[in-house]
Structures are given as structure tokens and as C-alpha cells.
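Numbering (the numbering used here), first residue to last: 2 to 114. In what follows, a structure is listed as C-alpha cells, so that the remarks can point back to it.
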Amino acid sequence: KPFLMDQRRVAGLGNIWAAEALFGARIHPARRVDSLGEGEWKALHRSVRATLRRAIENTMKVTAGPEEFPEADLLLTRVYGRAGQACRRCGSVVERVVQAARATFYCPGCQER
């Protein structure tokens, strides 16, 4: 995930959409960039595009943390801000960890290490 948060590499993605894109691609946020295969890179690229398209279509512009979100905005997220809740895809419990001083949300069932 820190790779996706590096604005020199992926400008404008941000913490929320990085977590959502990794979830969409089924990539664990702690995976090292150099461990991703070609298929995973392609899946991540597709997921980043789809995630941002969904955000734009729903005109969701967020600069606050999950504790400051209106509940309606959280309906658009699949893992971000949903720690302790069931994953909408597999039913596992969404977890929250801290990476590079930022909250990271992921599903251990969908995003195996």
C-alpha cells in the first residue's frame, strides 16, 4: 500500500482509494511491490481505474478519516472504515492495521498474504 500512496508513482489515489483498490485486486496491503506478478499488476490497474470511476460517479470526495464520515459515504466503501464488520464479499471480519502512520483496512479472507 505505501507504493500506491507515493504521489510520485500514483498521483491522487489517497488512503481510502488505495485500500479499496487493493481489495478489488485481492492484494494484501502488506505485500511487497516486487512480489507482484504480471497478472496481479493488471488486476491492480483494473481495480484502481474501477475504484476511482466508482468514486467519481458517486461524487464522493473525502479528505477526512473514517471517524468523520457520514454513514452514507461509507456505503461506497468495501473495506475502508469497516473494521470489525463482515466483508461484503466473503463474510470474513475486516481488519484495521497501521502502515506508514496511516490506517489500513483489509479483508484477510479476500486479501491473503
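Using N, Cα and C, we set each Cβ at its ideal position, and we do this for glycine too. Bear in mind that the values here come from a model prediction, so they are computed numbers and not experimental data.
task = Pull up the distance between the alpha-carbon of residue 9 and that of residue 78, whole angstroms please.
result = C-alpha separation (whole angstroms): 25 Å.
ask   = Per DSSP, which one or two residues make a beta bridge with residue 106?
value = Paired residues: 97.
task = Determine which residues share a DSSP beta bridge with residue 87 and list them.
result = Partner(s): 94.
key: Separation of residue 92 from residue 73, as counted between CA atoms   = Residue placement at residue 73 is poorly supported in this model, since its pLDDT is 45, which falls under 50; the coordinates still yield a value, given next. About 21 Å.
task = Take the Cβ of residue 87 as the centre, count every other Cβ of all protein chains shown within 10 Å, and call the residue buried at 16 or more, exposed below.
result = exposed
request  = Measure the Cβ-Cβ separation of residue 39 and residue 26 and say whether it is below 8 Å.
outcome  = no
message = Within 8 Å, do at least three Cβ pairs link the stretch 98 to 109 to the stretch 12 to 32?
response = They touch, by the three-pair rule.
inquiry  = Quick check: what's the CA-CA separation for residue 33 versus residue 3?
reply    = 9 Å
query = From this set, 81, 102, 100, 101, which residue's C-alpha is nearest residue 94's C-alpha?
reply = 81
message = So for residue 77, helix, strand or coil by DSSP?
response = coil
ask   = Going straight from the alpha carbon of residue 49 to that of residue 17, what length do you get?
value = 11 Å
task = Find the nearest neighbour of residue 99 within the set 7, 30, 15, 5, judged by alpha-carbon distance.
result = Considering only 7, 30, 15, 5, the residue with the shortest C-alpha distance to residue 99 is 30.
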